[in-house]
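Here's the structure we're looking at; comments come further down.
Number of protein chains: 2
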Amino acid sequence: MTNEIKIFCPATIANVSCGFDVLGLALESVGDEMVVRKTRGKGIRITKLEGQDLPMETLDNVAGVAGLALLSEVDYDGGFEIEIYKKIKAGSGIGSSAASSAGAVWAMNELLGKPLSSLELVKFAMEGERLASGVAHADNVAPALYGGFTLIRSYDPLDIIPIHTPKELFATVVHPQIEVKTSDSRKILKTNISLVDGIKQWGNLGGLIAGLFTEDYNLIGRSLVDHIVEPIRSILIPGFETIKSEAIKAGALGCGISGSGPSIFALSKGEDKANQVAGAMRKVYQKIGVDYDVHVSKVNTQGIRVISSKR
Amino acid sequence: MTNEIKIFCPATIANVSCGFDVLGLALESVGDEMVVRKTRGKGIRITKLEGQDLPMETLDNVAGVAGLALLSEVDYDGGFEIEIYKKIKAGSGIGSSAASSAGAVWAMNELLGKPLSSLELVKFAMEGERLASGVAHADNVAPALYGGFTLIRSYDPLDIIPIHTPKELFATVVHPQIEVKTSDSRKILKTNISLVDGIKQWGNLGGLIAGLFTEDYNLIGRSLVDHIVEPIRSILIPGFETIKSEAIKAGALGCGISGSGPSIFALSKGEDKANQVAGAMRKVYQKIGVDYDVHVSKVNTQGIRVISSKR
Chain P
1 MTNEIKIFCP ATIANVSCGF DVLGLALESV GDEMVVRKTR GKGIRITKLE GQDLPMETLD
61 NVAGVAGLAL LSEVDYDGGF EIEIYKKIKA GSGIGSSAAS SAGAVWAMNE LLGKPLSSLE
121 LVKFAMEGER LASGVAHADN VAPALYGGFT LIRSYDPLDI IPIHTPKELF ATVVHPQIEV
181 KTSDSRKILK TNISLVDGIK QWGNLGGLIA GLFTEDYNLI GRSLVDHIVE PIRSILIPGF
241 ETIKSEAIKA GALGCGISGS GPSIFALSKG EDKANQVAGA MRKVYQKIGV DYDVHVSKVN
301 TQGIRVISSK R
Chain G
1 MTNEIKIFCP ATIANVSCGF DVLGLALESV GDEMVVRKTR GKGIRITKLE GQDLPMETLD
61 NVAGVAGLAL LSEVDYDGGF EIEIYKKIKA GSGIGSSAAS SAGAVWAMNE LLGKPLSSLE
121 LVKFAMEGER LASGVAHADN VAPALYGGFT LIRSYDPLDI IPIHTPKELF ATVVHPQIEV
181 KTSDSRKILK TNISLVDGIK QWGNLGGLIA GLFTEDYNLI GRSLVDHIVE PIRSILIPGF
241 ETIKSEAIKA GALGCGISGS GPSIFALSKG EDKANQVAGA MRKVYQKIGV DYDVHVSKVN
301 TQGIRVISSK R
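Quick mapping for you: the protein sequence lines, in order, are chains P and G.
Taking UniProt numbering, the leading residue of the first sequence gets 1, the next gets one more, and so forth.
Taking UniProt numbering, the leading residue of the second sequence gets 1, the next gets one more, and so forth.
Written out as structure tokens, the structure reads:
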């Protein structure tokens, strides 16, 4: 029987331009690692947390809170210890809290013999998101748990639809080293939108979903347009318009804000193009003197995965 | 060389619940017939119009106006005569004007050796829609011309995406014999919607597109929800809520307003179910004493088609 596993927890891009609050995708080469082991003692303890300065108290840690939500619903007498090796920067907009929340519950489910469905795991992981941002959103934890693109068709009842992921789709993500809190970037959104903008948005979301299923990269690119949130949130991100236009010039299919920012993502067909886009993004931030990280990654179709396990 | 063709012009269902202004589908067994023939004389003449009381003056007739838009753009010295045999009732909400507009330009393109793309034909047919309702909408003419489900991803530039149509998808349409003008049913819509309702709407549209591509009938049904328009427009349609709940009880996947109404559509898996839904709808209108027509039809994947041709 496996008592301990080490897992990879992918970073994720939520919203994906036209899919505000409903769409997300998982990355392949950007993510955290976690070690989760069964203990005789009950409850959950975060025994190690490296890479980021985050609370280790179970009730203050997203992995702890998500894990407790799961523990309260399964038939298991023991508990878990969790070690978290953060590589995703907190507040970067690529699902740092989601990786920890989703990773914790995914690993626990593995160690317990998989009694729970992916949909149930999303519900528990959402409790971690509630702690992190005040809103139990699912658009990062769902792609982390399912892999690929996932659509949250509905929150009530929760309905998650896996969307086909074209093989040559790569993401480039640039993270300008400024802080934008999810809660702040939500506050500036308007509570009403014009019907005209709404029609454009659902037209584009329909186009994106169709482009993903038919592997029509050009259609994917044409659909990566956000009439609702990007015009407002992009003002919080230095150099956004320049980064976007340079990414498109370098061959990206489309470019937008990752989650609530400040990271900016672009999607490209093929790794070479994604690397060229990364180069173009670097140049912009070097020129305007903003510190940054850049990641290039295939879209991850597997989600969280086991790196190693111990009896 | 073919000088005259007789064509079938399908009725269409626009909006399809969650796809307001962007989605439409074509019907197989409900539609008009038209005869279009080349003439030496220039211009367009409507020489016959049976079945409905509609204007025959070229500039007052949607087929005439759409045809003139086409004529102004092609290299052709002659003109056309058009006979229209209406079976779709004007103002019923299943694309009566669209069938005539789309039929006219489709037939002319056939007779001229197909110099124009389907996308170009949509643009000409939209001029007929502008005459009919004051708005050059494309969500009826596009499915009439392309067949199946079509998504209008964008109006500017016009971008039409054919969506895969599951084989066993049948529509039931009930037309209560009351008049609702498209222009009136547009006026009662609000110009703003809440962001929360918008998110629900694009989540459902994404789910519907995914359900169509994966032939997931259950997902199609779950996605046929309209948070934006149906709550407002349905008050113009007698017995709407009862029809809808009885259709669902009879096994329909979903049910909503066809276009701007007053027709109500339901989608079902298989013809038997669609017939049962028709029976349930009939009962409701018989009980409350509203005159009605009911149609059951497969979703038409071909669009407009030639019935016969003459040299």
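In this text, a Cβ means the ideal position worked out from N, Cα and C, and glycines have one as well.
Treat the numbers as computed from the prediction; the structure is a model and nothing was measured.
- At a Cβ-Cβ threshold of 8 Å, L70 (chain P) and V105 (chain P) count as neighbours.
- Closest option to N192 (chain G), judged by alpha-carbon separation, among G:S100, G:L131, G:I232: G:I232.
- Each of G:A132, G:G78, G:L116, G:T172 was checked against the Cα of P55 (chain G), and the nearest Cα belongs to G:A132.
- For K48 (chain P), the nearest beta carbon of chain G is not closer than 8 Å to its own beta carbon.
- For V30 (chain P), no alpha helix (DSSP H) encloses it; the enclosing beta strand (DSSP E) starts and ends at 23 to 39.
- Annotation: I199 (chain P) to L208 (chain P) spans about 14 Å, alpha carbon to alpha carbon.
- Cβ proximity to chain P below 8 Å picks out nothing from the region 294 to 310 of chain G.
- In this structure, the alpha-carbon of I257 (chain G) lies about 7 Å from that of S234 (chain G).
- For a cut-off of 8 Å, the C-beta gap from V174 (chain G) to V296 (chain G) is around 10 Å, too long to register as a contact.
- Within the same chain, S297 come within 6 Å of S29 (chain G) by CB-CB distance, once the 5 residues on both sides are set aside.
- Residues of the region 130 to 149 of chain P with a C-beta atom less than 7 Å from some C-beta of chain G do not occur.
- Shown in chain order are the members of the region 169 to 199 of chain G whose Cβ falls below 9 Å from a Cβ of chain P: L189, K190, T191, N192, I193, S194, L195, V196, D197, G198, I199.
- Look at the region 242 to 286 of chain P and you find these whole runs of beta strand (DSSP E), each 3 residues long or longer: 254 to 257, 264 to 269.
- Boundaries around A171 (chain P) are those of the beta strand (DSSP E), 169 to 176, since no alpha helix (DSSP H) includes it.
- If you draw a 10 Å sphere on the C-beta of S117 (chain G), you find fewer than 16 other C-beta atoms in it, and that means exposed.
- Using a 10 angstroms sphere on the CB of K114 (chain G), the tally of other CB atoms stays under 16, which defines it as exposed.
- One thing to note: G254 (chain P) has its Cβ no nearer than 8 Å to the Cβ of S96 (chain P).
- For Q276 (chain G), none of the residues of chain P pass the 7 Å Cβ criterion, the least Cβ distance being about 26 Å.
- Taking 8 Å as the CB threshold, L151 (chain P) lines the interface with chain G.
- I161 (chain P) belongs to the set of residues whose beta carbon lies under 8 Å from a beta carbon in chain G.
- Taking a cut-off of 8 Å for Cβ pairs, the region 261 to 269 of chain G and the region 132 to 147 of chain G do not touch, as fewer than three such pairs fall below it.
- Taking CB atoms only, S223 (chain G) has a neighbour in chain P less than 8 Å away.
- Under the Cβ criterion of 8 Å, S100 (chain G) is not counted among the residues facing chain P.
- For I13 (chain G), no CB of chain P lies under 8 Å from its own CB, so it is not counted at the interface with that chain.
- By the criterion of a C-beta distance shorter than 8 Å, R305 (chain P) is surrounded in its chain by I7, F8, once the five residues flanking it on both sides are discounted.
- With the criterion set as a beta carbon lying under 7 Å from some beta carbon of chain P, the members of the region 203 to 218 of chain G are G203, N204, L205, G206, G207, I209, A210, F213, in sequence order.
- C-alpha of E83 (chain G) to C-alpha of L119 (chain P): approximately 57 Å in a straight line.
- Counting only residues of its own chain and dropping the five nearest sequence neighbours on each side, E215 (chain G) has a CB closer than 6 Å to the CB of P166.
- Excluding its 5 nearest sequence neighbours in each direction, K244 (chain G) has C-beta neighbours in its own chain below 6 Å: C255, listed in chain order.
- In the three-state reduction of the DSSP assignment, E179 (chain G) falls in the coil class, being assigned neither a helical nor a strand state.
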